[in-house]
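Student: Residue numbers (UniProt numbering): 1 to 91. I'd like to ask some things about the structure below.
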């Protein structure tokens, strides 16, 4: 039980960290700029701008998976009532 909880916490931390990185990359992909020059307007954007929505979505999913892993650890700490288990086994 203890090893499983440690692995779940580690996995959850990994996924939350990965999710934050992916969301940060997605927000970076959204950076666009334009400014006036002598020849007219100059526009610049990141070369991976098309990946913005996919990166943000993947980041959100990774964070959700990480929080779910943490939740399993929290729920494993809740004691199970023994008489409820005995009643379901004998029935």
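Cβ coordinates follow ideal geometry from the N, Cα and C atoms, glycine included.
1. Label residue 8 either buried or exposed according to how many other C-beta atoms from any shown protein chain fall within 10 Å of its C-beta, with 16 as the threshold for buried.
2. Could you have a look at residue 48 and say whether DSSP puts it in helix, strand or coil?
3. Does the stretch 25-34 come close enough to the stretch 43-60 that 3 or more CB-CB pairs lie under 8 Å?
4. Less than 9 Å between the beta carbons of residue 19 and residue 74, yes or no?
5. Tell me the residue span of the alpha helix (DSSP H) that contains residue 4.
6. Can you name the start and end residues of the beta strand (DSSP E) that residue 77 belongs to?
7. May I have the straight-line CA-CA distance separating residue 24 from residue 81, to the nearest angstrom?
8. I'd like the list of long-range same chain contacts for residue 44, defined as Cβ closer than 8 Å, with 5 residues on each side in sequence excluded.
Tutor: Short version:
1. buried
2. coil
3. yes
4. no
5. Taken as a continuous stretch (DSSP letters only), the alpha helix (DSSP H) holding residue 4 covers 2-29.
6. Under the DSSP assignment, residue 77 falls outside any beta strand (DSSP E); it carries neither an H nor an E label.
7. 44 Å
8. 32, 33, 34
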